[in-house]
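Using our numbering, read the sequence shown as starting at 3 and increasing by one per residue.
Inspection log for the structure reproduced underneath, given as C-alpha cells.
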Amino acid sequence: MADGADRSLFGEAAEAPAAHEGVYAEVAVQKPLRCEFTYRVPAELADRLRPGMRVAVPFGRRREVGVVTALTDSTDLAPSRTKSIAALLDDEPVVDGALLDLTRWMAGYYACSWGEALGAILPAALKREKGTKKRLMIAPVAGVGADQLAEVEEKFPKQHRLLRTVLEIGEATELRDLTRRLNLSDAPARSLAKRGWVTLEKVDAAPDELAQADATERARPDQLTAQQADAVGAIAEALDAREYRTFLLQGVTGSGKTEVYLRVIEHALAQGRGAIVLVPEIALTPQTVGWFRSRFGEVAVLHSRMTDAQRHDMWQRVRRGEARVVVGARSALFAPVQDLGVIVVDEEHEPSFKQGNAPRYHARDVAVVRAHRAGAVCVLGSATPSLESWRNAKAGRYERLILSERVRGIRMPAIEVVDMREEIPEQEGPKLFSRRLGVYLRQTLERGEQSILFLNRRGYSPVLWCRECGETVRCKQCDVSLTYHRRINKLTCHSCCEEIDPPKACPSCTAPGLRFLGLGSERIEDSLAELLPGARVARMDSDTMLRREDYERTLAAFGAGEVDVLVGTQMIAKGLDFPRVTLVGIVDADSGLHLPDFRASERTFQLLAQVAGRAGRGELDGRIVIQTSTPDHDAITRAANHDYEGFAAVEDELRADLAYPPHGRLIRAVLEDTDESKVKAAGAALADLLRTRVGPEGVMVLGPAPCPMALLRGRHRHHILLKAEPASPALATARDLLVGFSEEFARPRTTIDVDPVGLM
Ligand code: ADP
Ligand code: ZN
Numbered sequence: 003m004a005d006g007a008d009r010s011l012f013g014e015a016a017e018a019p020a021a022h023e024g025v026y027a028e029v030a031v032q033k034p035l036r037c038e039f040t041y042r043v044p045a046e047l048a049d050r051l052r053p054g055m056r057v058a059v060p061f062g063r064r065r066e067v068g069v070v071t072a073l074t075d076s077t078d079l080a081p082s083r084t085k086s087i088a089a090l091l092d093d094e095p096v097v098d099g100a101l102l103d104l105t106r107w108m109a110g111y112y113a114c115s116w117g118e119a120l121g122a123i124l125p126a127a128l129k130r131e132k133g134t135k136k137r138l139m140i141a142p143v144a145g146v147g148a149d150q151l152a153e154v155e156e157k158f159p160k161q162h163r164l165l166r167t168v169l170e171i172g173e174a175t176e177l178r179d180l181t182r183r184l185n186l187s188d189a190p191a192r193s194l195a196k197r198g199w200v201t202l203e204k205v206d207a208a209p210d211e212l213a214q215a216d217a218t219e220r221a222r223p224d225q226l227t228a229q230q231a232d233a234v235g236a237i238a239e240a241l242d243a244r245e246y247r248t249f250l251l252q253g254v255t256g257s258g259k260t261e262v263y264l265r266v267i268e269h270a271l272a273q274g275r276g277a278i279v280l281v282p283e284i285a286l287t288p289q290t291v292g293w294f295r296s297r298f299g300e301v302a303v304l305h306s307r308m309t310d311a312q313r314h315d316m317w318q319r320v321r322r323g324e325a326r327v328v329v330g331a332r333s334a335l336f337a338p339v340q341d342l343g344v345i346v347v348d349e350e351h352e353p354s355f356k357q358g359n360a361p362r363y364h365a366r367d368v369a370v371v372r373a374h375r376a377g378a379v380c381v382l383g384s385a386t387p388s389l390e391s392w393r394n395a396k397a398g399r400y401e402r403l404i405l406s407e408r409v410r411g412i413r414m415p416a417i418e419v420v421d422m423r424e425e426i427p428e429q430e431g432p433k434l435f436s437r438r439l440g441v442y443l444r445q446t447l448e449r450g451e452q453s454i455l456f457l458n459r460r461g462y463s464p465v466l467w468c469r470e471c472g473e474t475v476r477c478k479q480c481d482v483s484l485t486y487h488r489r490i491n492k493l494t495c496h497s498c499c500e501e502i503d504p505p506k507a508c509p510s511c512t513a514p515g516l517r518f519l520g521l522g523s524e525r526i527e528d529s530l531a532e533l534l535p536g537a538r539v540a541r542m543d544s545d546t547m548l549r550r551e552d553y554e555r556t557l558a559a560f561g562a563g564e565v566d567v568l569v570g571t572q573m574i575a576k577g578l579d580f581p582r583v584t585l586v587g588i589v590d591a592d593s594g595l596h597l598p599d600f601r602a603s604e605r606t607f608q609l610l611a612q613v614a615g616r617a618g619r620g621e622l623d624g625r626i627v628i629q630t631s632t633p634d635h636d637a638i639t640r641a642a643n644h645d646y647e648g649f650a651a652v653e654d655e656l657r658a659d660l661a662y663p664p665h666g667r668l669i670r671a672v673l674e675d676t677d678e679s680k681v682k683a684a685g686a687a688l689a690d691l692l693r694t695r696v697g698p699e700g701v702m703v704l705g706p707a708p709c710p711m712a713l714l715r716g717r718h719r720h721h722i723l724l725k726a727e728p729a730s731p732a733l734a735t736a737r738d739l740l741v742g743f744s745e746e747f748a749r750p751r752t753t754i755d756v757d758p759v760g761l762m
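The following block contains the structure:
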C-alpha cells in the first residue's frame, strides 16, 4: 500500500505513465480510505495495463471500480493476500499522467483519499462498471389536486411536500432534482405512485440544453479600451513565453472582463493550445455559453446538471481534442484538455467554487496548481476579489491587472445609503421600503424603466417570535428558526426542509399571539402589490424557481420588458446584464453582516457591489439604494463609494491581527453524531491530542465548541479550528493527526475541511 499524500504545495511531478510489464498494480478506489490497494495483474492484461486505466477489483465482498495509479514488479504483501484484478475497463488511460498527479496532490492537500479525488474528476459514467443510467421522471396524474393534498397533509408531510411541488411544476420532472431540493428519499415518490397520484417513468436523457445552446452574438469590439488592451497584452506575453503565471484581473462591473478572457483564449488557440473557463454554476446560462460558442465554434460544456452520458460524451470530445475550449462550473477544471494554455476563473471570489463534500477542494486554488504544473496561464477575474487573491497579488505571487472604468464611458451608478433607524414606519411590523426607495420605485415605473429589489432571504418572515417568553419557533432537528412561507401557509426549516403548520400558541410557554419578525422575499413581493398597484412583479428565489427552465424563462421575460420589478435573492446578484434596469434596491444590507463568520463583512461587501453592478449598464444612468441599520459599517460605506481597494486594505489588517486567512491558514474538523455525549468526548480527546502533538507554537487549536449550527438534521455538531502561519509545517502534521483520528473512529463522524470557506 502506498500513501497517496504529497505534502508540498507544488510537489514533484510523477513521471508520465508508460506501458509497463509489472505484475502488481496499485489501485485507488472511491472510498475514504487514504491508501491505494495492491492487486495482482493477470498475465493476459500485463502488456495492456497502464496507470490511469480503470479496473474492476474484488473489494471486501464486493466488486469496485478503481483507477490504476502505479504498476510495480514487487510487493511487500504476502502473495496469498493479494487478489487479482477482475477486469480491465478501458483500452487507453482515462486519466492522463498530469491529472493523476494533480489528484494525488489534492488528496494530500485536502486530506481525502486519492480515490475520492479521482471521483471528483471522472464523470459518473466512468465510475460505474456498467453503462449509463436513465433518468427517472415524476409527473402528476390528471385530476389529482387539492383533495389528495389534503388527504396526506396531516399524516404524511413528506408525501405532501413532494406532491405539492410536483403539482406546482405541472409536468414531468426528474425525480432526483426534486428529492435533492426537498431533502427526501425516494420513498415518498413510491408511495405517491402506489396511490396512483403520480407516475414514475424511466426515460432516455433529453439533449442537454447548454450543450445545444446557440451561439449568441457578442459583437467583437473593434477596439479594446486601453486598460483591456494592457491586460490582454500582459497575459498574451506570458502565453508566448509558455510560462506559468497567475493574473488577478480586477475589473469593476461592466468593465469588459469577458472580452479580455475571449481575447486571451483566442491567443491560446492560435498557439494551438486549449482553454478552460470556470464560471459559478448560476452564471452558466445558454447566453454565457453562446458568447464563447459565437467566437470559438466548438465549445464543450461541463456542469452538474448533465446526465452521466452527456458528461461522458463531452469528456471524450475534449480528450480527443475535438473541442479545445471548455466552459463549465467547478468540476470542468478537470476536463482533459490537451496542451492547456489558459485557465480562466470568473468571479473568483465566489464561495461556490469550494466543494462541500469530499474532496473539499477549492476550484480557484486547484486551478492555480493545475496551471502551474501545465506551464499554463491562470486568469482570476472579479470586481471584488477574495482577500486571499488580493493578498497574493500584493505579495507578488499573482500579477494584478486593473480595469477601473466601465466600457463605452458608462458611469458607475450613484449609490445612496438610507438609515432605516430614522425611517418612521407607516404601519406596524418591519419597515420594508424607505420613503426614498418608495418614491424611486414609483418614478422608475412611471418612466417605463425597470427595477431590481434584492433581499437575501426567502420566505415571508424568517422568525416567529413569542412576546411573552421571547422564544422563537425552531426546528426540532436543526438549531435554526423556522421561516414562515405564506403562500403555502407553513413554517419551513431552511436546513432540513421539514415543514409544520404555524402553531396558534407558543410551543414553549403556550401563550397565544406569536408574531412575525423580519422579512423575506415573499413579503417584499406581497408589499409591492400595495406600493405599486399595477406593476408587473416577478420573484426569483429557490421557492419560485423550481427548475432551471423557470429561471431562464423569468430572466427572458425580464429582458423582454414584460416585468417591471424583479424581486430576488442572491440568484439575481450575478451576471445579469439588462440595459433598462435603472434602479436597484437592497432592502436589507445587514442580513448577512452579523453571521458568526470572519468573512461576513467581505461577503456583504461583495454582494452589495455585485448587486449594485446590475444597474445602469446601458445608456440610462443607474441608481442604487442601500437600506441599512448600520450605515457606518465599513462594508456598507465602502461599497457605497465603490471603494474596493479601501475595503480590502482595512479588512486585510483586521485579518492580520487575528491571523485569519489570508494571513493564516485554517483547517476545520467537524464531529457529528446523534449522541451529543459522544461528540463532546471525542472533541475533547481530539483537541487534547492536537494540543500535545502540535501546539502551541506551530498551530493554534481553537475549541472544541458547538458549531454555530449546533444541531443539523438531528445530529449534534462540534468543531475544532486549527489556525497556523500559511507556511507552517506543523499544519501538515495536524492534518495527518486529523486523518488518523477520522479513520480510527467511525463514531462520531469526523470531517476535515482544509481552507474552509464556511464556518457554520
Ligand atoms: P464585466 O464582465 O466586466 O462586468 P462585460 O465583459 O460583461 O463586463 O462587458 C460589459 C459590456 O461591454 C458587454 O456588453 C460587452 O460586449 C461590452 N464591451 C466589452 N468590451 C468592449 C469594448 N472594448 N468596446 C465596446 N464594448 C465593449
Ligand atoms: Zn430542520
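Positions of the beta carbon are idealized from the N, C-alpha and C atoms, including for glycine.
Please read these numbers as outputs of a predicted model, since none were measured by experiment.
Near ligand 2: residue i beta-carbon under 7 Å from a heavy atom
i           : result
residue 709 : no
residue 245 : no
residue 501 : no
residue 497 : yes
residue 37  : no
residue 479 : yes
Ligand 1 heavy atom lying under 7 Å from the CB of residue i
i           : result
residue 464 : no
residue 410 : yes
residue 280 : no
residue 261 : yes
residue 223 : yes
residue 579 : yes
residue 340 : no
residue 230 : yes
With 16 other Cβ atoms within 10 Å as the buried cut-off, status of residue i
i           : result
residue 596 : exposed
residue 671 : buried
residue 235 : exposed
residue 742 : exposed
residue 225 : exposed
residue 394 : buried
residue 38  : buried
residue 367 : buried
residue 464 : buried
residue 53  : buried
residue 660 : exposed
residue 647 : exposed
Inter-residue Cα distance where the pair is residue i and residue j
i           : j           : result
residue 389 : residue 654 : 7 Å
residue 141 : residue 179 : 13 Å
residue 604 : residue 644 : 14 Å
residue 214 : residue 284 : 18 Å
residue 792 : residue 352 : Given that the chain is displayed from residue 3 to residue 762, the structure contains no residue 792 and the question cannot be resolved.
residue 300 : residue 360 : 32 Å
residue 565 : residue 546 : 15 Å
residue 112 : residue 755 : 7 Å
residue 400 : residue 658 : 19 Å
residue 62  : residue 201 : 38 Å
residue 664 : residue 282 : 22 Å
residue 152 : residue 185 : 21 Å
residue 416 : residue 641 : 11 Å
residue 23  : residue 177 : Low confidence applies to residue 23: its pLDDT is 46, below 50, so where it sits in the model is not reliable enough to give any reading.
residue 476 : residue 598 : 19 Å
residue 501 : residue 550 : 24 Å
residue 770 : residue 649 : The requested residue 770 does not occur in the structure, where the chain is confined to residues 3 to 762.
Presumed contact (8 Å Cβ cut-off) between residue i and residue j, rounded CB distance
i           : j           : result
residue 713 : residue 480 : 6 Å
residue 576 : residue 383 : Contact doesn't hold; Cβ gap of about 13 Å is too wide.
residue 626 : residue 418 : 7 Å
residue 589 : residue 443 : In fact, because the Cβ distance is near 11 Å, the residues do not count as touching under 8 Å.
residue 733 : residue 669 : 7 Å
residue 276 : residue 347 : With 8 Å as the limit, residue 276 and residue 347 do not qualify as a contact, their Cβ atoms being about 16 Å apart.
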